[in-house]
Each structure stands twice: as C-alpha cells, then as structure tokens.
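One structure is given below, encoded as structure tokens.
In my numbering, the protein residues as written are 3 to 127.
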C-alpha cells in the first residue's frame, strides 16, 4: 500500500472516529510538531478535538506524496464550542485550513507537522 492509500485510510479513520483502528495508521512513537506524544497522547488529542468540535470533518483539498512524506491541505467548516485557539468561537460556524506534513515509518505515521490558519478564523469573528 502506498503512503497516499494509507493516508486516505487514516483520514477515513478520523472522520469515523474509529479509534480502535488508529494504531493501524499512527506509529506508537508518533511525534506532533516536534514533541513525542505517543499513540495514546495523539489519540487523546484527537478525541478532545472531536469533543470540542462535534461536527469536525477532515476534508482533503490537496494531497502530495514524496515517500516517506505526505503533504496535505485540509479544509474545515465546523462549529467549535467555547474557545478555540484562544478565540471566543462559542458555537459559531468557522472555515479554515490546515497545512500538514506527515512522515511515515513502517507504514504508519511517525511524525506530524501542522500549521492551522488562525488568521482566517480571526477574520470571521
């Protein structure tokens, strides 16, 4: 299976909140933005995101692969509860993108580097 196939399976896993399958796509020793969070920490981060944003959906807009790396631009149209990125969203609908890079090791995501367009959210408030 290619990295892009694995990535699409990973996104499907996230959108379905199928946490029992997450280990198939994410390495036990995963790093997020340079910090080792491990699989359990990564899962906890995703579960928190879905609690805080009940209508969260990862929409892949652009996908580029140069093994072992994958680059993706994700689009979000969602309604975060309360404060989101230190911004008082409080249930308002917002749209923003995320540029994210992944490094794969042994057919699983080993490293994630993510940048979210906070300025786009601020402009909507």
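For every residue, glycine included, the Cβ atom is placed at its ideal position computed from N, Cα and C.
Where does residue 128 fall in DSSP's three states?
Nothing can be reported for residue 128, as the shown portion of the chain is limited to 3 through 127.
Could you say which of 114, 11, 18 and 127 lies nearest to residue 57 if we only look at CA atoms?
Looking up residue 57 in the chain shown gives position 55. Checked all of 114, 11, 18 and 127; the closest Cα to residue 57 is 18.
Can you confirm whether the region 75-84 touches the region 41-58 when touching is taken to mean that 3 or more C-beta pairs between the two stretches lie within less than 8 angstroms?
yes
By Cβ distance, which residues of its chain are closer than 8 angstroms to residue 89, with the 5 residues on each side in sequence left out?
Within the chain shown, residue 89 is the residue found at index 87, counting from 1. Contacts found: 120, 123, 124 and 127.
Can you list, in chain order, the residues of its chain whose CB lies under 6 angstroms from that of residue 23, leaving out five sequence neighbours each side?
On the chain shown, position 21 is the one that residue 23 refers to. These residues qualify, in order along the chain: 15.
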